[in-house]
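Notes follow once the structure below has been shown.
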Amino acid sequence: PLLDRLRSGDVPSQQSIFGASLTDFLREQGGVQDYAGELSAMDADKIRQAFQRNLVSEQGLDLATAAERAAEAGYIESRDTNQLLAALDTELRGEPVYSRGGEDAKLQETAADLMALQEELDRLGIDLAEVDNATAKEALNTIAYGGGQTDADTVLSQDEMQVDEVTDNEEIRRILEKYQSRQGAQQQVTDRTVGGGQADRGWREATSLRGSDGQPAKLYRGASRPLSEQDFALDSLGQAT
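All residue numbers in the sequence shown are consecutive under the working numbering, ending with 374.
Following this line, the structure appears as structure tokens:
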């Protein structure tokens with residue numbers, strides 16, 4: 134259940150969704166030589182984690198070969214060393230560059246659902262560390278159906294929701310889609326850098342979540358989804374604890 138996943142921090146990490154970033158890819162290739170000092174000028178190994186290979190290596194790829202391999206893997210558009218350096222600069226400034234088309238769509242959708250739910254909980258001031266699932270669901274349902282909401286065009290029947298039968302996340306998403314077909318509210322989210330260029334402009338990242346790797350989870354989505362408070366009025370969000 135989604136509430137249980139949020140409570141335990143079971144949120145897909147960027148790496149699990151998008152695969153290796155450009156710098157990780159080049160490290161796996163043995164690193165890159167820095168004859169002209171461009172990489173040193175960027176402080177290329179400043180984001181290196183413990184036990185991780187250096188990006189700059191005397192025995193690594195020359196810049197032209199590195200650009201060729203990065204282009205073949207979908208990180209940049211052409212085998213242009215300037216494109217490679219620009220993409221590396223983008224990543225070293227804190228915005229990971231991922232291979233185009235390498236996303237895991239299912240994990241991306243799960244991350245989007247978790248992001249939207251966490252944002253709604255934050256808006257309501259609900260801390261899952263302090264309340265059980267039943268209390269959280271009650272608050273979500275109050276927002277969704279409170280205030281005398283009776284519009285048959287925006288409220289699903291109990292038969293449609295099948296709330297007592299839903300335990301599978303795919304079924305949860307199916308129900309959310311039925312809600313969304315009746316709602317017009319749009320939620321904005323942030324930019325994502327793919328292949329060295331800006332893409333999916335307008336998306337917002339969820340900075341309040343942490344992935345299974347323990348790092349802040351920058352969660353992104355690859356397609357726009359309409360969302361509203363009524364998306365979360367589901368008994369299937371989790372079992373009472």
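Glycine included, every Cβ here is placed at the ideal spot set by N, Cα and C.
Are the beta-carbon atoms of GLU228 and LEU196 separated by less than 9 Å? Translated into positions along the sequence shown, residue 228 becomes position 95. Translated into positions along the sequence shown, residue 196 becomes position 63. Not a contact, by the Cβ cut-off of 9 Å.
Q. Using a Cβ-Cβ cut-off of 6 Å (strictly less than) and excluding sequence neighbours within five positions of ALA203, which residues of its own chain qualify?
A. What you label residue 203 is simply residue 70 of the sequence shown in a count that begins at 1. Within the same chain, ALA203 has close Cβ partners ILE209 and LEU217.
Point to revise | Spatial neighbours of VAL189 in its chain, beta-carbon cut-off 8 Å, leaving aside the 5 residues before and after | key: Taking the sequence shown and counting its residues from 1, one reaches residue 189 at position 56. Excluding residues within five positions, the ones whose Cβ falls inside 8 Å are GLY164, VAL165, GLN166, ASP167, LEU172, SER173, ALA177 and ASP178.
- C-alpha distance - GLY207 paired with ALA272, whole-angstrom precision: Taking the sequence shown and counting its residues from 1, the one referred to as residue 207 is at position 74. Taking the sequence shown and counting its residues from 1, the one referred to as residue 272 is at position 139. Taking the CA atoms as reference points, GLY207 sits about 44 Å from ALA272.
**Prompt:** Could you give the distance in angstroms between the alpha-carbon of ASP78 and the alpha-carbon of ALA200?
**Reply:** The first residue shown for the chain is 134 and the last is 374, placing residue 78 beyond what the model contains.
Would you check if the distance between the CB atom of THR156 and the CB atom of GLU224 is smaller than 9 Å? Counting from one through the sequence shown, the residue named residue 156 turns up at place 23. Counting from one through the sequence shown, the residue named residue 224 turns up at place 91. A contact, by the Cβ cut-off of 9 Å.
query = Grouping DSSP H, G and I as helix and E and B as strand, with all else coil, what is GLN320?
reply = Mapped onto the sequence shown, residue 320 falls at position 187. Caution is warranted here: a pLDDT of 39 is assigned to GLN320, below 50, making its placement in the model unreliable, and the coordinate value is therefore given only provisionally. Coil, per DSSP.
| Considering only residues of the same chain and omitting the five flanking positions on each side of ILE150, which have a CB-CB separation below 7 Å? | Mapped onto the sequence shown, residue 150 falls at position 17. Same-chain partners within the cutoff: GLU236, ASP237, LEU240, GLN241 and ALA244.
Worksheet item: In three-state DSSP terms, what is LEU194?
Response: Translated into positions along the sequence shown, residue 194 becomes position 61. DSSP places LEU194 in strand when its eight states are reduced to three.
Query raised in the report: Where are the alpha helix (DSSP H) runs, 4 residues long or more, that stay fully inside the stretch 202-231, in chain order?
Result: The stretch 202-231 contains these whole alpha helix (DSSP H) runs: 214-225.
Apart from the five residues just before and just after ARG160, which ones in its own chain have a Cβ nearer than 7 Å to its Cβ?
-> Translated into the one-based positions of the sequence shown, residue 160 becomes position 27. Hits under 7 Å: GLN185, ARG186 and LEU188.
Open item on the list: Are the CB atoms of PRO145 and LEU247 within a distance shorter than 9 Å?
Closed with: By 1-based counting over the sequence shown, the position of residue 247 is 114. By 1-based counting over the sequence shown, the position of residue 145 is 12. Yes.
Terminal residues of the alpha helix (DSSP H) in which MET248 lies: Counted from its first residue, the sequence shown places residue 248 at position 115. Counting along the chain, MET248 sits inside the alpha helix (DSSP H) bounded by residues 238-257.
Check: What is the residue span of the alpha helix (DSSP H) that ALA174 lies within?
Finding: Numbered from 1 along the sequence shown, position 41 holds the residue referred to as residue 174. Per DSSP, ALA174 belongs to the alpha helix (DSSP H) from 171-174.
(request) For VAL375, write down the residues that DSSP places opposite it in a beta bridge. (result) No information on residue 375 is available, as it lies outside the stretch 134 to 374 that the chain covers here.
**Report entry** For GLN192, the nearest candidate out of ASN266, ASP260 and GLN162 (CA to CA)
**Finding:** Here the question's residue 192 lines up with position 59 in the sequence shown. Each of ASN266, ASP260 and GLN162 was checked against the Cα of GLN192, and the nearest Cα belongs to GLN162.
Is the distance from the Cβ of LEU136 to the Cβ of ASN215 below 9 Å? Residue mapping note: residue 136 aligns to position 3 of the sequence shown, counting from 1. Residue mapping note: residue 215 aligns to position 82 of the sequence shown, counting from 1. Cβ distance not < 9 Å, so LEU136 and ASN215 don't count as in contact.
To the nearest angstrom, how far is the alpha carbon of LEU139 from that of PHE158?
Residue numbering aside, residue 139 sits at position 6 when the sequence shown is read from its first letter. Residue numbering aside, residue 158 sits at position 25 when the sequence shown is read from its first letter. Straight-line measurement puts the Cα of PHE158 at about 30 Å from the Cα of LEU139.
message = My output table needs one value for SER141: the three-state DSSP class, helix, strand or coil.
response = Your numbering for residue 141 matches position 8 in the sequence shown. Secondary structure of SER141 (DSSP, three-state): helix.
Checklist entry - Any idea if GLU253 is buried or exposed, counting beta-carbon neighbours within 10 angstroms, 16 or more meaning buried? => result The residue you call residue 253 lines up with position 120 of the sequence shown. Classification of GLU253: buried, given that the 10 Å Cβ count is 16 or more.
Out of curiosity, what's the CA-to-CA distance linking LEU261 and GLN148?
Reading the sequence shown from its first residue, position 128 is the one you call residue 261. Reading the sequence shown from its first residue, position 15 is the one you call residue 148. Within the model, the alpha-carbon separation for LEU261 versus GLN148 is close to 25 Å.
### Query
Buried or exposed: where does SER141 fall if 16 or more other Cβ atoms within 10 Å of its Cβ makes it buried?
In the sequence shown, counting from the first residue as 1, residue 141 sits at position 8. The residue in question, SER141, is exposed, as its Cβ has fewer than 16 Cβ neighbours within 10 Å.
Please name the residue, chosen from GLU263, ALA169, ASN274 and ARG233, that lies closest to GLY152 on a Cα-to-Cα basis.
Locating residue 152 in the sequence shown gives position 19, counting from the first residue. Nearest to GLY152 by alpha-carbon distance, out of GLU263, ALA169, ASN274 and ARG233, is ARG233.
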